[in-house]
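Protein chains: 6
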Amino acid sequence: MFLTILFTFALLFSSSQASVQDFCVADLSLSDTPSGYPCKKPSTITVDAFVFSGLGVAGNTSNLIKAAVTPAFVAQFPSVNGLGLSMARLDLAVGGVIPLHTHPGASEVLLVTQGSILAGFISSANAVYYKTLHKGDIMVFPQGLLHFQLNSEKIPALAFASFSSPNPGLQITDFALFANDLPIELVVKATFLDKAQVKKLKAILGGTN
Amino acid sequence: MFLTILFTFALLFSSSQASVQDFCVADLSLSDTPSGYPCKKPSTITVDAFVFSGLGVAGNTSNLIKAAVTPAFVAQFPSVNGLGLSMARLDLAVGGVIPLHTHPGASEVLLVTQGSILAGFISSANAVYYKTLHKGDIMVFPQGLLHFQLNSEKIPALAFASFSSPNPGLQITDFALFANDLPIELVVKATFLDKAQVKKLKAILGGTN
Amino acid sequence: MFLTILFTFALLFSSSQASVQDFCVADLSLSDTPSGYPCKKPSTITVDAFVFSGLGVAGNTSNLIKAAVTPAFVAQFPSVNGLGLSMARLDLAVGGVIPLHTHPGASEVLLVTQGSILAGFISSANAVYYKTLHKGDIMVFPQGLLHFQLNSEKIPALAFASFSSPNPGLQITDFALFANDLPIELVVKATFLDKAQVKKLKAILGGTN
Amino acid sequence: MFLTILFTFALLFSSSQASVQDFCVADLSLSDTPSGYPCKKPSTITVDAFVFSGLGVAGNTSNLIKAAVTPAFVAQFPSVNGLGLSMARLDLAVGGVIPLHTHPGASEVLLVTQGSILAGFISSANAVYYKTLHKGDIMVFPQGLLHFQLNSEKIPALAFASFSSPNPGLQITDFALFANDLPIELVVKATFLDKAQVKKLKAILGGTN
Amino acid sequence: MFLTILFTFALLFSSSQASVQDFCVADLSLSDTPSGYPCKKPSTITVDAFVFSGLGVAGNTSNLIKAAVTPAFVAQFPSVNGLGLSMARLDLAVGGVIPLHTHPGASEVLLVTQGSILAGFISSANAVYYKTLHKGDIMVFPQGLLHFQLNSEKIPALAFASFSSPNPGLQITDFALFANDLPIELVVKATFLDKAQVKKLKAILGGTN
Amino acid sequence: MFLTILFTFALLFSSSQASVQDFCVADLSLSDTPSGYPCKKPSTITVDAFVFSGLGVAGNTSNLIKAAVTPAFVAQFPSVNGLGLSMARLDLAVGGVIPLHTHPGASEVLLVTQGSILAGFISSANAVYYKTLHKGDIMVFPQGLLHFQLNSEKIPALAFASFSSPNPGLQITDFALFANDLPIELVVKATFLDKAQVKKLKAILGGTN
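Residue numbers (UniProt numbering), protein chains in the order written: chain A, 1 to 209; chain B, 1 to 209; chain C, 1 to 209; chain D, 1 to 209; chain E, 1 to 209; chain F, 1 to 209.
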């Protein structure tokens, strides 16, 4: 009798099983689409596709901003494809800063797990919201708004950011303005910064023109 | 003059016609994406792609649960791809039951067309909603919540389920727990069921470990 | 010990239970929003909110089109609010017809449960897809496209339509053109119909101007 | 020191840069999906992909409807793919008309930049909303509803339509009914138009059967 | 007989008519929701709700940036609520500039209707895309990315922007940094700008701290 | 001149500022909607609305499952409303377990910050994916699928879960089956569990009937 039940169950929904899309682990070798990457075949997926250890490793903060960001976006962690979320690790050494930036495609929640971080964002109405976050605090940064994080203490800080998209994007204002070939004259016109200031930061960040 | 109008109309919107995506019949030979399968070329589609006769055939209920589910999901009926809905047929012989299950990706509306069905679902707040449905009754099962259907009469029952996704998914709790290689010890820890109970159902449903 | 476990579980997730939105039964007394109606409080909801018997009653086809549509949209069946689907019943007496119409807000799957129905839709590319559906057949009508259903046999036909929205909308072309105060001259200009034809149908359908 | 900063920034987010999907310019050579076309590789994209000059050219209105529509949908302007909007240019010579039509996949906002246009739409409740628009006026046409535009003055009119989808679709009622092989008998049954009227318009618009 | 048909039709879909949400004109007196404002009752809406003349009036460019933006977002034009698009008018006098900014909630298509505009945006990968647009040209600015527009000729320029949201938002970088009470020290740390530069622009733009 | 610029900027976009919906902090006193709660007025919001310290406090694991979940969903942290994500803290004492459960409305990413956790989920195809996660590891649990977490070491474990919805929901299978008034007979029929097993767990978990 047991065998009969087994047989029955095995047949019961057999035709639908093959097509169920519980998950869609990204096949990064194919072209992206507006909804994300095409899926690898479920039969080729093991548990390792759903686990990522890269956020367990401290980023290298031996640099001038004394900070590092380690992403677990779809490019690094393909199993978040199509699931509407992703993560990143933030290491901020003493004096470290994640400069002013936006995520064009996602809202963010930041969780501080070590040290303290002074974090803030600016709304479209130009209102400023900033506060010092301590271990265990979380803070929301709504989609597309300028924000920043600074280590505000004398010990290294560690935090983890969660995003509402597998591919939140990241636009650092300094990079956008000074680290490319956007002509100095256009930067000056579009920002009202002094020409000397623009030249100085272009030189630092490797921009040309 | 008639020819002139014809000519005019033919030209009028000619450049846009080729690109209109009124529908996106799934090309199941290509990789799925988070939004569904890539589309077959519209020029290859005939009316037969939009019609499915598989729900007109009774499922085989000569089994121990005395029930059968016949899906018309995207895998069986590719023209629902991208359109946000699909269907299935439920046959319940006398004493038949569709055991506790969820659809991870869709809400359901069940329409009883023959006999009577005792159907119910359980909310996240653990509230139970169940009722005997008669011919012509419809009942909603919100997305992702556990639910079940039992034939509650002495005649066979027939019902049709509509889903809010071309690919609603289906997770039968008994299968998830007992019909695979999930170790008995893990099942016991995660469910508080007795070890003997777990072993018994694993044996019935063909699970290992 | 049992009591202890009970106590523990009861506390475990207590703070989240109250806010879980498993469903959102429409409070039709409040203003609609782009995502649907505000929700009634879950504590006021019984199983009867999730069950609707209105589709079990034949529509009155003693009229000139010999057909009737009985909707179970959000206005009639508030528990579909926010769940992305709804249903309707179609009764077509011998010779009955559901005239040319669109659903601006949803795709449709039609299930024939009695008799035969000649159904068709027209794509943006002006391609025509029509076929006679028999008992048990389902057919897809993609969102926003013109379609119609005719009883094609000598016995009454019965069908159930499922929609990919709680509020699919319904625009019958004849009503839109002839059953209101749209000036005859505008109808003529916008449709190239003869003035006499427009006048005739306006008279039949009660249009003015 | 400058070089050091440069080096630091270049490394900082290096792993995430390659995967950012700021945009998804359509690769029209691949199969469409429900969310739009697969993306061309960002490295192959220049500014020219984001600029379209086709709307700067007047459409040819030397025809009987004295009107022309020039689309900038995803097929003509691939960079709108995945971005949720597109445009079109409307030229209406004196006496010109854009006949009754719907966009199954988008709402529209029309901007008049020259002349005057009498525009209107009809709701599901068969309410008619029409008005003469002058230069600088904009008017909304909600998704899927029948609407039309007529030149209401003695000078040519020019307008630009914006749509809430890269691929709004376009179904002209006259084309759908009369410009294909939909049998006359079916048109008559589905619309209540006189057979002679149907035949006449089929002849004009090139329909068969 | 005519009366009979009329009567029949009037009854046919009567129960669904009242609930059809073809549109959802914003009731700005009620609280906004994540999907937009609650709807005004359809019975209170006339065609004037769907027409807006505010974009026909030139903005006042007698100011130092020699530019003006006139929005037709949901706050000014409530009928776009829930429809996924909106518009704005841009006036740029000779030498005028719309400074660097983002729209956190929408992609944009810009249509130039008079003069020439040098427009550009910067991607997350810091690639710069800019070009001079002439009358009739349209250009896409993907959601959330920094962009700017300059009058590049010796005559006034006029353009109309379409957005993929009824409420696209607008964050001008200069305002976000210098026109509020964000402490100078934080601006310096988050942007690497010189303190003197920050002070100067804060003074110009009215920022404090 | 500075004053003039200030004045100009202040006017420039004045009309649009008031309506920008950068965020929608939930007004929990109003009725929920399918897209989330209505928004509090932005002018009443301070930075404290965007910061939550509740996840910094260890949950009480002095109970029989030796575990606790502390949510930061919309009910506890109203600023995630409408932003598509939320978080929770998991404390697992030695031997602790989060029993088999689903989140009907969200996918989850779990981050282990202390100890080790044996976590797993089961797909619709009944495939089992489980692994021991160590400090710094993240694991994905796709929406709606059954999953569990066990402390697999001899020290307490701590983890933080991120969800792709402000209101992910939580359905614990044991609660759904045994902690309410679902009749024993129905549980037996819908699960194939032995009656004695059902009675035993109902007694433990406080279920009736």
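Virtual Cβ for every residue (Gly too), placed ideally from N, Cα, C. Just so you know, these numbers come straight off a predicted model, no measurement behind them.
> Between which two residues does the alpha helix (DSSP H) containing Leu205 (chain C) stretch?
Replying inline: Lys195 to Leu205 is the span of the alpha helix (DSSP H), which, as asked, contains Leu205 (chain C).
>> Rounded to the nearest angstrom, what separates Ser152 (chain A) and Ile138 (chain A) at their Cα positions?
In response: 16 Å
> Cα separation between Ser123 (chain C) and Thr191 (chain D)?
Replying inline: 17 Å
> Whose Cβ in chain C lies nearer than 7 Å to the Cβ of Asn81 (chain E)?
Replying inline: Pro34
>> Quick check on DSSP: helix, strand or coil for Asp27 (chain A)?
In response: coil
> Since Thr44 (chain D) sits in a beta bridge, which residues does DSSP pair it with?
Replying inline: DSSP output for Thr44 (chain D) lists no bridge partner at all.
> Cβ atoms of Phe23 (chain C) and Asn167 (chain C): under 8 Å apart, would you say?
Replying inline: no
> What three-state label does DSSP hand Ser79 (chain F) in the structure shown?
Replying inline: Under the three-state reduction of DSSP output, Ser79 (chain F) falls in the helix class.
> DSSP three-state call for Lys189 (chain B): helix, strand or coil?
Replying inline: Three-state result, Lys189 (chain B): helix.
>> Quick check on the DSSP output: what are the complete beta strand (DSSP E) runs of length 3 or more inside the UniProt domain "Cupin type-1" (53 to 199) of chain C, in order along the chain?
In response: 67 to 72, 86 to 92, 97 to 102, 108 to 114, 117 to 122, 128 to 133, 138 to 141, 147 to 151 and 157 to 163
> In chain B, what lies closer than 9 Å to Asp22 (chain A) by C-beta?
Replying inline: By Cβ distance, chain B contributes Pro104, Gly105, Gly169 and Gln171.
>> Counting only C-beta atoms, is Gly144 (chain A) closer than 8 Å to chain E at any point?
In response: Interface residue, yes.
> With contact counted as at least three CB pairs below 8 Å, one residue from each stretch, are the region 155 to 172 of chain D and the region 143 to 157 of chain E in contact?
Replying inline: no
> Which bits of chain H does Ser31 (chain E) rub up against, with CB to CB less than 7 Å?
Replying inline: In the structure shown, chain H cannot be found, because the protein chains are A, B, C, D, E and F.
> Taking Cβ to Cβ, would you say Ile98 (chain A) is nearer than 8 Å to Gln149 (chain A)?
Replying inline: yes
> How many angstroms separate the CA atom of Ser16 (chain E) from the CA atom of Asp194 (chain B)?
Replying inline: Only weak support is given to the placement of Ser16 (chain E): the predicted model assigns it a pLDDT of 36, under 50, and the value that follows is read from those uncertain coordinates. If I take the Cα positions, the gap works out to 52 Å.
> Is the shortest distance between the beta-carbon of Ile184 (chain D) and the beta-carbons of chain C less than 8 Å?
Replying inline: no
> Name the DSSP bridge partner or partners of Leu33 (chain C)?
Replying inline: The residue you asked about is not Leu; residue 33 (chain C) is Thr in the sequence shown. In DSSP, Thr33 (chain C) forms a bridge with C:Gly36.
> Would you report the Cα separation of Leu28 (chain D) and Asn81 (chain B), rounded to the nearest angstrom?
Replying inline: 20 Å
> In chain order, what residues of the same chain have a beta carbon less than 8 Å from the beta carbon of Ile184 (chain E), not counting five sequence neighbours either side?
Replying inline: Lys195, Val198, Lys199, Lys202 and Asn209
> Considering only residues of the same chain and omitting the five flanking positions on each side of Ser165 (chain B), which have a CB-CB separation below 6 Å?
Replying inline: Gly105 and Ala106
>> Considering Cα atoms alone, identify which of A:Glu108, A:Phe178, A:Leu133 and A:Asn126 is closest to Pro42 (chain F).
In response: A:Asn126
> Alpha carbon to alpha carbon, what distance is there between Val25 (chain E) and Thr33 (chain E)?
Replying inline: The C-alpha of Val25 (chain E) is placed about 14 Å away from the C-alpha of Thr33 (chain E).
> Does any residue of chain F bring its CB to less than 8 Å from the CB of Gln197 (chain B)?
Replying inline: yes
> Quick one: what's got a C-beta closer than 6 Å to Phe141 (chain A)'s C-beta in the same chain, skipping five residues either side?
Replying inline: Glu108, Phe121 and His147
> According to the neighbour-count rule (16 or more other Cβ atoms, all chains shown, within 10 Å of its Cβ), is Thr46 (chain D) buried or exposed?
Replying inline: exposed
> In chain order, what residues of the same chain lie with their CB nearer than 6 Å to the CB of Asp174 (chain E), ignoring the 5 residues before and after it?
Replying inline: Pro99
> From Phe77 (chain F) to Phe52 (chain B), what distance separates their C-alpha atoms?
Replying inline: 47 Å
>> Quick check: His101 (chain D) and Gln171 (chain D), are their CB atoms within less than 8 Å of each other?
In response: yes
>> For Leu92 (chain D) and Ser162 (chain E), what's the separation of their Cα atoms in angstroms?
In response: 22 Å
>> Please classify Ser79 (chain C) as buried or exposed, where buried requires at least 16 neighbouring CB atoms within 10 angstroms.
In response: buried
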